[in-house]
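Participant:
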Amino acid sequence: MIFPIVAFGHPNLRKKSVEIDQNYPNLDQLIDDMYQTMYESNGVGLAAPQINKQIRLFVIDANPFSDEIPESIDFKQVFINAKIIEEKGDKWDFNEGCLSIPGINEDVSRSSQIQIQYYDQNWQFHDEIYDGIKARIIQHEYDHLEGVLFVDHISPLRKTMIKGKLVDISRGKTKAEYRMIFPNLNKKRI
Ligand code: CO
0 MIFPIVAFGH
10 PNLRKKSVEI
20 DQNYPNLDQL
30 IDDMYQTMYE
40 SNGVGLAAPQ
50 INKQIRLFVI
60 DANPFSDEIP
70 ESIDFKQVFI
80 NAKIIEEKGD
90 KWDFNEGCLS
100 IPGINEDVSR
110 SSQIQIQYYD
120 QNWQFHDEIY
130 DGIKARIIQH
140 EYDHLEGVLF
150 VDHISPLRKT
160 MIKGKLVDIS
170 RGKTKAEYRM
180 IFPNLNKKRI
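In numbering that gives the first Met the number 0, the protein residues as written are 0 to 189.
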């Protein structure tokens, strides 16, 4: 099943997500559906809040980046109840986008390395170090669990410059080629 993706401006994208346990109903199906939804919209990561579920779950498949960034090959992983323990290393800029904010890409500065603990789809515990593009995608998706979006990390000036576009997205004025849930559909711009 392909879920519609929650668009910028929706209050549910701003909530802090909660952990799940092994009794969470139909988790395997949900994970399959999240991958399907992500592939359908040509994303490399999708967090549960983006499909209106406030749980600590995200999926990543970085293979579409592999032409330009070889280290993304075969980086496909489910992250359950993830917890970033430490972020370190030099900060670096990468031009980020987000399925919830279609048509906007901005350079975001983040630390180059993370230590993260999480469970995989088989409820195996992991404690791992990631760096480069892998860390970057994880940091972006992890932010969604905390109610944070990549546009929160850009300069106030850049944010002012894209404000109108963000309002448009929340009202459904976007060319996204996938189904979305718009918080302010039909609302007049004031
Ligand atoms: Co995103």
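Built from N, CA and C at the ideal position, the CB exists for glycine as well.
Would you tell me roughly how many angstroms separate the C-alpha atoms of glutamate 176 and glycine 131, rounded to the nearest one?
Facilitator: Computed Cα separation, rounded: 29 Å.
Participant: What do you get for methionine 0, buried or exposed, if any count of 16 or more other CB atoms within 10 angstroms of its CB means buried?
Facilitator: Exposed, by the Cβ-count rule.
Participant: Sorted by chain position, which residues of the same chain lie with C-beta nearer than 6 Å to aspartate 92's C-beta, five sequence neighbours on each side aside?
Facilitator: Taken in chain order, the residues that qualify are Asp106 and Ser108.
Participant: For valine 77, collect the residues of the same chain with a Cβ closer than 6 Å to its Cβ; drop the 5 residues on either side in sequence, then sort them by chain order.
Facilitator: Answer for valine 77: Ile30, Val58, Asp119 and Gln120, listed in chain order.
Participant: Would isoleucine 54 pass as a contact of serine 65 if the rule is Cβ separation under 8 Å?
Facilitator: Result no, Cβ atoms of isoleucine 54 and serine 65 do not sit closer than 8 Å.
Participant: Spatial neighbours of leucine 56 within its chain, please: CB distance less than 6 Å, with the 5 preceding and 5 following residues excluded, ordered by chain position.
Facilitator: Excluding residues within five positions, the ones whose Cβ falls inside 6 Å are Ala47 and Ile79.
Participant: Let's test the definition: count the other Cβ atoms within 10 Å of the Cβ of methionine 160 and tell me whether it reaches 16, buried, or not, exposed.
Facilitator: Per the 10 Å Cβ criterion, exposed.
Participant: Near glutamate 145, what residues of its chain come up, given a Cβ to Cβ distance below 7 Å and the 5 sequence neighbours on each side ignored?
Facilitator: Here the set comprises Lys15.
Participant: If you check the beta carbons only, do isoleucine 115 and alanine 81 fall under 8 Å apart?
Facilitator: Result yes, Cβ atoms of isoleucine 115 and alanine 81 sit closer than 8 Å.
Participant: Can you pull the DSSP bridge partners for phenylalanine 124?
Facilitator: Looking at the DSSP assignment, phenylalanine 124 forms a beta bridge with Tyr118.
Participant: In the DSSP assignment, find the unbroken beta strand (DSSP E) run with lysine 90 in it and report its ends.
Facilitator: Its beta strand (DSSP E) spans residues 75-95.
Participant: Are serine 110 and glycine 96 touching if we call contact CB-CB under 8 Å?
Facilitator: Their beta carbons are not under 8 Å apart, which means serine 110 does not touch glycine 96 by this criterion.
Participant: Indicate, with yes or no, if the ligand CO has a heavy atom lying under 7 Å from the CB of histidine 125.
Facilitator: No, the ligand CO has no heavy atom inside 7 Å of this Cβ.
Participant: Under the assumption that phenylalanine 2 contacts aspartate 32 (Cβ atoms under 8 Å), give the Cβ distance between them as a whole number of angstroms.
Facilitator: Sure, about 6 Å apart at Cβ, within 8 Å.
Participant: Is it the case that the CB of histidine 9 approaches a heavy atom of the ligand CO more closely than 7 Å?
Facilitator: Outside the cutoff, so no.
Participant: Note down, in chain order, each residue of its chain lying with its Cβ closer than 6 Å to the Cβ of serine 224, except the 5 sequence neighbours on either side.
Facilitator: Examination of residue 224 is not possible in this model, given that the chain is present from 0 through 189 alone.
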